[in-house]
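Okay, structure first, notes after.
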């Protein structure tokens, strides 16, 4: 029927959007690396959070591979199958058990797992490594892991004529997408509450030589909202059995990386901007882990006013 978006059209649009977002992600990824040569280079390398750095590097590899597979699949669908009767591109994309599709879905699920792990890790750090805080998110994440494994196995067993939305894989996906959305909403809400409480305790002091706590709060919420909103759109598209969900599922791969790196890049820029101000302060450094901000640099300072007598 005219006007209905085919699977092949959705996949092609998804590849274009994916490529644009991947370009943005590469820029943010490069800015997030502790490799810029400056006077504090050695100190910056030493103070880099090894867990988050490893997660960032793994995300880059998996997102890059995801993009390469998308290009390979489009080449096979639109070029290798050109000239065949009917709509060969749609036929190719509509077969979930294709090995390249299984690899693509596995990479996406792995990226989501890494992103959820980093959010839980940040929550753990923000609450001064109190284990009870992360019990709920970890349980939800385990549901995601089980659903992801079940979905991939079910996809591998589907037939070309099978409707993916009502198949066994579809039932696994109905648990998979809500679980990652719930993990992000829960962890972001708890982190937001913690940072807001910290801000309320130190609001009478002047914060300098680092990003303001409210600025950090806004950055964390905005970065998490970017991914969470996309995941909710994917869930809506899947539950509505709409082909535009194929566009969203291609978008979400680089968005995972963008959300991950955007937080660090913006916090670092905020800190640099504040550090460049000429306000005279007496600084009292507080260990960031003591106030639950992990690697986020925060300095509590008190203004010093100097009175000068006229000559």
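Numbering (my numbering), first residue to last: 817 to 1127. Glycine included, each C-beta is placed from N, C-alpha and C at the ideal position. Just so we're clear, the structure is a prediction, and the values are computed from it rather than from any experiment.
query: Which two residues bound the contiguous alpha helix (DSSP H) that contains residue 903?
result: Residue 903 sits at position 87 when you count from the first residue of the chain shown. For residue 903, no alpha helix (DSSP H) segment is defined, and its DSSP state is neither H nor E.
Legend entry - Proximal residues to residue 1081 (C-beta, below 7 Å), its chain only, five neighbours per side dropped: Reading the chain shown from its first residue, position 265 is the one you call residue 1081. Here residue 1081 has 844, 847 and 848 as same chain residues with Cβ atoms under 7 Å from its own Cβ, once five neighbours each way along the sequence are excluded.
Run through DSSP, which three-state label would residue 976 get? Counting from 1 along the chain shown, the entry for residue 976 is found at position 160. Three-state result, residue 976: coil.
Within a Cβ cutoff of 7 Å, which residues of the same chain sit near residue 1064, ignoring the five residues on either side of it in sequence? Within the chain shown, numbered from 1, the residue matching residue 1064 stands at position 248. Excluding sequence neighbours, residue 1064 sits near 1046, 1049, 1050 and 1053.
Next on the checklist: Suppose you measure from the CA of residue 1013 to the CA of residue 882; what does that come to, to the nearest Å?
Outcome noted: Numbered from its first residue, the chain shown carries residue 1013 at position 197. Numbered from its first residue, the chain shown carries residue 882 at position 66. Approximately 39 Å between the Cα atoms of the pair.
In the structure shown, what three-state DSSP assignment does residue 848 receive?
Translated into the one-based positions of the chain shown, residue 848 becomes position 32. In this structure, residue 848 counts as helix in the three-state DSSP scheme.
Just the C-alpha distance for residue 878 and residue 1009, rounded to the nearest angstrom, thanks.
-> What you label residue 878 is simply residue 62 of the chain shown in a count that begins at 1. What you label residue 1009 is simply residue 193 of the chain shown in a count that begins at 1. Going from the Cα of residue 878 to the Cα of residue 1009 covers about 32 Å.
Indicate whether residue 841 and residue 1077 have their beta-carbon atoms separated by less than 9 Å. In the chain shown, the residue the question calls residue 841 occupies position 25. In the chain shown, the residue the question calls residue 1077 occupies position 261. Cβ atoms of residue 841 and residue 1077: closer than 9 Å.
Check your understanding: Helix, strand or coil for residue 880 per DSSP?
Key -> By 1-based counting over the chain shown, the position of residue 880 is 64. DSSP places residue 880 in the helix class (H, G or I) of the three-state scheme.
Inter-residue spacing [alpha-carbon to alpha-carbon] between residue 940 and residue 1033: Numbered from 1 along the chain shown, position 124 holds the residue referred to as residue 940. Numbered from 1 along the chain shown, position 217 holds the residue referred to as residue 1033. Between the alpha carbons of residue 940 and residue 1033 lies a gap of roughly 16 Å.
Problem - Proximity of residue 905 and residue 894 at Cβ, strictly below 9 Å - result: Your numbering for residue 905 matches position 89 in the chain shown. Your numbering for residue 894 matches position 78 in the chain shown. Yes.
What is the rounded straight-line gap between the Cα of residue 984 and the Cα of residue 996? By one-based count along the chain shown, residue 984 stands at place 168. By one-based count along the chain shown, residue 996 stands at place 180. Rounded to the nearest angstrom, the two C-alpha atoms are 19 Å apart.
With H, G and I counted as helix, E and B as strand and the rest as coil, what does DSSP make of residue 912?
As a working note, residue 912 is residue 96 in the chain shown. Residue 912 falls in the coil class under three-state DSSP.
- Which whole-angstrom value is the C-beta distance of residue 1000 and residue 1043, which I expect to be below 8 Å? On the chain shown, position 184 is the one that residue 1000 refers to. On the chain shown, position 227 is the one that residue 1043 refers to. Their Cβ separation, rounded to whole angstroms, is 6 Å, which keeps residue 1000 and residue 1043 in contact under 8 Å.
Close beta carbons around residue 963, own chain, < 7 Å, minus the five adjacent residues each side
Numbered from its first residue, the chain shown carries residue 963 at position 147. Excluding positions up to five away in sequence, the list reads 988, 991, 992 and 995.
- Query: What does a CB cutoff of less than 6 Å around residue 952 pick up in its chain, not counting 5 residues either side in sequence?
  - Reply: For the purposes of this step, residue 952 is taken as the residue at position 136 of the chain shown. Residues of the same chain with their beta carbon placed closer than 6 Å to that of residue 952 are lacking, with the five preceding and five following residues left out of the count.
| said: If I measure Cβ to Cβ from residue 921 and keep anything under 7 Å in the same chain, skipping five residues before and after, which residues do I get? | reply: As a working mapping, residue 921 is identified with position 105 in the chain shown. A distance below 7 Å between beta-carbons, with the five flanking residues on each side excluded, links residue 921 to the following residues of its chain, in chain order: 968 and 971.
Which value, in whole angstroms, describes the spacing of the CA atoms of residue 918 and residue 912?
If you number the chain shown from 1, residue 918 lands on position 102. If you number the chain shown from 1, residue 912 lands on position 96. C-alpha separation (whole angstroms): 7 Å.
* Flag this pair as yes or no: are the beta carbons of residue 1035 and residue 837 separated by less than 9 Å? => Taking the chain shown and counting its residues from 1, one reaches residue 1035 at position 219. Taking the chain shown and counting its residues from 1, one reaches residue 837 at position 21. Result no, Cβ atoms of residue 1035 and residue 837 do not sit closer than 9 Å.
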